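Numbered by my numbering, the letters in the sequence shown go through residues 79 to 157 in order.
Okay, so here's the structure we're looking at.
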Amino acid sequence: MTSLDKNQIQTLIGLVTTTQPDQLNCDDCFGQIAEFAEYALEDRELTEGMKIVQQHLSQCPCCKGEYEALLDAMQELTA
Ligand SMILES: [Zn+2]
């Protein structure tokens, strides 16, 4: 077996570093959940700020639970 060449190592590093860091803490996320839910309900294109919220939600079960509860409540209101 040959060891990894330089390009393969670069590719591997690229795969690791393209995983975006979570840029929000939970307090910041809670403050924007309602707005994010509106985007989701209206199927609007996410702004950069909303993408950061989405990123946090994908990594934080706590905020995701809050978000899903809010989304349910909003869907009932608009139903
Ligand atoms: Zn959170």
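By construction, the Cβ of each residue, glycine as well, lies at the ideal position given by its N, Cα and C atoms.
Values in this document were obtained by computation on a predicted structure and should not be read as measured data.
| message | Any residue with its C-beta under 6 Å from a non-hydrogen atom of ligand 1 counts. Can you list them all in chain order? | response | That query returns the following residues: CYS104, CYS107, HIS134, CYS138, CYS140 and CYS141.
| query | Using a Cβ-Cβ cut-off of 7 Å (strictly less than) and excluding sequence neighbours within five positions of MET152, which residues of its own chain qualify? | reply | Taking the first residue of the sequence shown as 1, we reach residue 152 at position 74. Annotation for MET152: ALA115 and LEU119 place their beta carbon closer than 7 Å to its own, counting only its chain and skipping 5 residues before and after.
| said: Here's the rule I'm using: 16 or more other beta-carbon atoms within 10 Å means buried, otherwise exposed. How should LEU90 be labelled? | reply: As a first step, residue 90 is located in the sequence shown; it is residue number 12 there, counting from the start. With fewer than 16 Cβ atoms within 10 Å of its Cβ, LEU90 is classed as exposed.
| task | Rounded to whole angstroms, what's the CA-CA distance from PRO99 to SER81? Just pull it up for me. | result | Taking the sequence shown and counting its residues from 1, the one referred to as residue 99 is at position 21. Taking the sequence shown and counting its residues from 1, the one referred to as residue 81 is at position 3. Distance between the alpha carbons of PRO99 and SER81: 30 Å.
| query | Fully enclosed by the segment 85-156, which beta strand (DSSP E) runs are 3 residues long or longer? | reply | Whole beta strand (DSSP E) segments, 3+ residues: zero.
| query | Taking the Cβ atom as the reference point for each residue, do ILE130 and LEU102 lie within a distance shorter than 8 Å? | reply | Counting from 1 along the sequence shown, the entry for residue 130 is found at position 52. Counting from 1 along the sequence shown, the entry for residue 102 is found at position 24. Pairing ILE130 with LEU102 gives a Cβ-Cβ distance under 8 Å.
| If you draw a straight line from the C-alpha of CYS141 to the C-alpha of THR156, how long is it? | The residue labelled residue 141 in the question sits at position 63 within the sequence shown. The residue labelled residue 156 in the question sits at position 78 within the sequence shown. Those two C-alpha atoms are separated by around 22 Å.
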